[in-house]
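If you count the sequence shown from 1, you need to add 2 to reach the working numbering.
First the structure, in the form of structure tokens, and then the observations on it.
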Amino acid sequence: MAVAFDVATAGETSAAGTTLSFNHTNNGGSDRFLLVCVFLRGGVSGAVSTVKYGGSDLTYMDWNNSGTTIRLEAWKLLTPATGTNAVDIVTADTWQIIAATALSYTGVDLNDPHTSPLDGAAANSNAVSTGPYTSATGQKVIDMAVQKRDNDADGFAGNAGAGQTVRNSGSATSSTQWMHWGVSEKDGAASVTMTWAPGQNNVWSTLMVGLKPSAGGIVKLGHGMIGRNWG
Numbered sequence: 003m004a005v006a007f008d009v010a011t012a013g014e015t016s017a018a019g020t021t022l023s024f025n026h027t028n029n030g031g032s033d034r035f036l037l038v039c040v041f042l043r044g045g046v047s048g049a050v051s052t053v054k055y056g057g058s059d060l061t062y063m064d065w066n067n068s069g070t071t072i073r074l075e076a077w078k079l080l081t082p083a084t085g086t087n088a089v090d091i092v093t094a095d096t097w098q099i100i101a102a103t104a105l106s107y108t109g110v111d112l113n114d115p116h117t118s119p120l121d122g123a124a125a126n127s128n129a130v131s132t133g134p135y136t137s138a139t140g141q142k143v144i145d146m147a148v149q150k151r152d153n154d155a156d157g158f159a160g161n162a163g164a165g166q167t168v169r170n171s172g173s174a175t176s177s178t179q180w181m182h183w184g185v186s187e188k189d190g191a192a193s194v195t196m197t198w199a200p201g202q203n204n205v206w207s208t209l210m211v212g213l214k215p216s217a218g219g220i221v222k223l224g225h226g227m228i229g230r231n232w233g
């Protein structure tokens, strides 16, 4: 079964705080996987404490930052509830901006859903390249990037590299701080490199992860037993 994108939803704060909440809809399908990318801006070091979807706890995957200026984190949930539910994010410290993108996929191997994340960063650059990343045919590589900005110039949309499909991009401001972010995907291959080039020199943080395709919905139950996940 191929990994297939379902839908992406984003939210952002308009003032400093420790929480962000927005609604996201899973449309159904088998072997569902929810990825939540959290983007932070604001001169503190506190990580994300919890991410929930419809009251269910997500599992932390990885993080990357550029000092205390910007930070991003990736969180996951296997077999998320269908329908519309709230994404609730809580951070340990007060950030000037909290933004997030929730992405739903189907056809993901729930026993071994993803490869090890790869992070990258570029200080004071007008472009960033993450990779090469070891993936495989049939996987879907997700790339998330965040950049500190000194003004609210154009965002990431349209500035992703060749072969990348932008699933979400945005910008936010709070007081005198700005932040732009983007999430894109690319088909898996033996070696994958992802790029962003919005044109303003500033610091970046990026993460990449490859989602693995399911073998048709078979789920290990333990003691040599198997079962079929019907979604």
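Where a beta carbon is used, it is the ideal one built from N, C-alpha and C, also for glycine.
Given residue i as reference, the closest of the options once Cα atoms are compared
| i | options | result |
| --- | --- | --- |
| leucine 209 | Gly140, Gly19, Cys39, Phe24 | Cys39 |
| aspartate 59 | Thr96, Ser173, Lys78 | Lys78 |
| leucine 80 | Met63, Ala94, Gly172 | Met63 |
| glutamine 98 | Ala217, Leu36, Tyr135, Leu42 | Leu42 |
| serine 32 | Phe7, His116, Trp180, Asn128 | Phe7 |
| glycine 165 | Gly56, Met146, Glu187, Ala4 | Glu187 |
| isoleucine 144 | Ala129, Glu14, Ala162 | Ala162 |
Status (buried if at least 16 other CB within 10 Å, exposed otherwise) for residue i
| i | result |
| --- | --- |
| alanine 76 | buried |
| valine 9 | exposed |
| asparagine 87 | buried |
Contact under 9 Å by Cβ, residue i with residue j
| i | j | result |
| --- | --- | --- |
| valine 168 | valine 185 | yes |
| arginine 238 | serine 207 | Outside the displayed range of the chain (3 to 233) lies residue 238, so it cannot be described from this structure. |
| valine 92 | valine 53 | yes |
| valine 89 | serine 137 | no |
| glycine 109 | glycine 122 | no |
| valine 205 | threonine 71 | yes |
| glycine 13 | alanine 101 | yes |
Heavy atom of the ligand SAH within 8 Å of residue i beta-carbon
| i | result |
| --- | --- |
| proline 82 | Inclusion of the ligand SAH in the displayed structure is not the case, the ligand content being empty and no account of it being possible. |
Where residue i sits in the DSSP three-state scheme
| i | result |
| --- | --- |
| glycine 19 | strand |
| proline 200 | coil |
| methionine 210 | strand |
| glycine 85 | strand |
| methionine 63 | strand |
**alpha helix (DSSP H) segments (min. 4 residues) lying fully within the stretch 146-192** = Given a length threshold of 4 residues, the stretch 146-192 has no whole run of the alpha helix (DSSP H) inside it.
**Asked** Residue ranges of each alpha helix (DSSP H) run of no fewer than 4 residues wholly in the stretch 93-134, ordered along the chain?
**Response** None, since the stretch 93-134 contains no complete alpha helix (DSSP H) of that length.
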